[in-house]
Amino acid sequence: MSESGITPTITGEQAAANAVDAAGAAMDHGAALGHLTGLAIVVVIALACGVLLARIKQPAAVGYILAGLVMGPSALGLVENRELIQFMAELGVILLLFLVGMELSLKTFSQLWRIAFGTFGLQLTLGLAAAFLVGFILGWDTPETLVLAFVLSLSSTAVAIKMLEDLGDLEERSGQIAVGVLIAQDLAVVPMMLVIAAFGSGDGLGWGIAGKLILALGIMAVLVFVLLRRGPVQLPFSAIITKNPDLRVLGGITFCFAAAAISGLIGLSTAYGAFLAGLVIGNSRSSHEMQQSILPVQSILVMVFFLSIGLLIDLDFIVDNLLLVCLLVLLVLLVKTAANIAFLRLLGESWECAVVPGALLGQIGEFAFVLGALALAFGLLGDETYRLIVAVTVLSLVFSPAWMVVARRTLRYSLAGVSSGRELFRLILQPERSEILKLVARLSALFGWNSSVKSEDRDDDPKYDNLDDEARAKDAASGLPPIPF
Numbered sequence: 001m002s003e004s005g006i007t008p009t010i011t012g013e014q015a016a017a018n019a020v021d022a023a024g025a026a027m028d029h030g031a032a033l034g035h036l037t038g039l040a041i042v043v044v045i046a047l048a049c050g051v052l053l054a055r056i057k058q059p060a061a062v063g064y065i066l067a068g069l070v071m072g073p074s075a076l077g078l079v080e081n082r083e084l085i086q087f088m089a090e091l092g093v094i095l096l097l098f099l100v101g102m103e104l105s106l107k108t109f110s111q112l113w114r115i116a117f118g119t120f121g122l123q124l125t126l127g128l129a130a131a132f133l134v135g136f137i138l139g140w141d142t143p144e145t146l147v148l149a150f151v152l153s154l155s156s157t158a159v160a161i162k163m164l165e166d167l168g169d170l171e172e173r174s175g176q177i178a179v180g181v182l183i184a185q186d187l188a189v190v191p192m193m194l195v196i197a198a199f200g201s202g203d204g205l206g207w208g209i210a211g212k213l214i215l216a217l218g219i220m221a222v223l224v225f226v227l228l229r230r231g232p233v234q235l236p237f238s239a240i241i242t243k244n245p246d247l248r249v250l251g252g253i254t255f256c257f258a259a260a261a262i263s264g265l266i267g268l269s270t271a272y273g274a275f276l277a278g279l280v281i282g283n284s285r286s287s288h289e290m291q292q293s294i295l296p297v298q299s300i301l302v303m304v305f306f307l308s309i310g311l312l313i314d315l316d317f318i319v320d321n322l323l324l325v326c327l328l329v330l331l332v333l334l335v336k337t338a339a340n341i342a343f344l345r346l347l348g349e350s351w352e353c354a355v356v357p358g359a360l361l362g363q364i365g366e367f368a369f370v371l372g373a374l375a376l377a378f379g380l381l382g383d384e385t386y387r388l389i390v391a392v393t394v395l396s397l398v399f400s401p402a403w404m405v406v407a408r409r410t411l412r413y414s415l416a417g418v419s420s421g422r423e424l425f426r427l428i429l430q431p432e433r434s435e436i437l438k439l440v441a442r443l444s445a446l447f448g449w450n451s452s453v454k455s456e457d458r459d460d461d462p463k464y465d466n467l468d469d470e471a472r473a474k475d476a477a478s479g480l481p482p483i484p485f
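Quick note on the UniProt record's numbering: the sequence shown kicks off at 1 and runs consecutively.
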């Protein structure tokens, strides 16, 4: 009631307006709740897939790709806002290169730069030769051929580093060689993006793109030289920032985004600026504190990056072209691994230091998605070609850990004197055969089946018994699962 004791009269128009406002508020609340529910579903599926893959000692990145596949339009269709996912994926790319820069030890890389750049140079040469051969046969233009060459020459930093950590070889000579080659590849990503952008803008490889490449390489060379000569640098306001955990996170992200923005404004890639920012922080006196503070935020956005890759997978395309996709995956793993081993042997490395890095670098890397998406946006790639690149790259990442197990066992038995191809093949598959026989025997005993197979049946040559036991112990210690066939 009012002060005069008279209840104010509400007109029909006012009541209708109030009802509309209430309905609008309810709709806004419902939409917000719907977005929150969708976000919860995305996070739960990503976590479940990541945990599942980590449980069987696979890189969590592969789990995030599978989560994106499950939620994508080819499966459940839970994610519809592709623009937001694309934006978050771009942030993930920036922070992925920021992470690569932070983890780059210039002191270690300076000891391996000859073999790293030598191996990558040979990889890129082989990629160009193979791509131009394919382009000539299929009638492709030069830009499309260059994109394929760039894609074939790259390997996955995230997956390879995870496998090295599981194997305990990260500090070994073979692991250091693999990391050095991966760093050389990552350094080449930015120039590759500039080349694709130049062709996409119609300028081609003219003086403009040459100037940008010279500028990018010059800035990086000067920065690396200064960091190597001066040692760990002192970041601005680091004395204040490193003492406060909140400021450490904000300071690191600010440094990353500011460098990325400046790099973009002067005509270079934003990812290039993020990489340089990471390089400076990683070689500063505050590197440890900054890395530990930024890692959680970065892990989330990198997860979104791999999740967005899964969203791009077209299951219908893979099913319709299953034979072609599988053949290309096998061809990529075989040719890249053999070529990497040959290159490292040519550069003077031992068989062990050639086979392990060669197999580790046998897959196609995550930056293939970045280059492919950039080429697609500029109209340099057709939709079918892009979907084929995505399919082959994803499957090569998924099968990479099993491929690494095969390569290690092949090396082990070959060094032990096994020369017969048939015998080598049998011994490589023996651990899985034994596990299958044990499973069959247990199921037979459980269900009362009549089976002539016994779990202890073995047809191994006794002289390889100890070697088999060592192989199983090594595989178990490394955490890698049995080969899935």
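In this text, a Cβ means the ideal position worked out from N, Cα and C, and glycines have one as well.
From a predicted model like this one, the values you see are computed outputs, not experimental measurements.
Start and end residues, alpha helix (DSSP H) containing residue i
i	result
N340	322-346
P236	Segment: none, P236 is in no alpha helix (DSSP H) and carries neither H nor E.
K107	106-138
P245	245-265
S74	Here S74 belongs to no alpha helix (DSSP H), and DSSP marks it neither H nor E.
E103	Segment: none, E103 is in no alpha helix (DSSP H) and carries neither H nor E.
T393	383-415
I365	First, the amino acid is wrong: residue 365 is Gly here, not Ile. Element bounds for G365: n/a, residue is neither H nor E.
P357	351-360
Per-residue DSSP class, three states only, for residue i
i	result
S201	coil
F378	coil
I300	helix
D141	coil
L295	helix
E289	helix
I313	coil
D457	Only weak support exists for where D457 lies, its pLDDT of 45 falling under 50; the value from the coordinates is given anyway. Coil, per DSSP.
S269	coil
T242	coil
Status (buried if at least 16 other CB within 10 Å, exposed otherwise) for residue i
i	result
A445	exposed
T254	exposed
N283	buried
E144	buried
T242	buried
T270	buried
S293	buried
A416	exposed
G234	Residue identity check: residue 234 is Gln in the sequence provided, not Gly. Q234 should be labelled exposed.
T142	exposed
K336	buried
E349	buried
I137	exposed
S299	exposed
A373	buried
K212	buried
N340	buried
T119	buried
Beta bridge counterpart(s) of residue i as assigned by DSSP
i	result
S284	V233
The ligand NAD heavy atom lying under 7 Å from the CB of residue i
i	result
I281	The model on display carries no ligand, and the ligand NAD is accordingly not part of it.
* To do: Kindly provide the ranges of any alpha helix (DSSP H) runs that are 4 or more residues long and lie completely inside the segment 153-193, ordered along the chain.
  => 157-167
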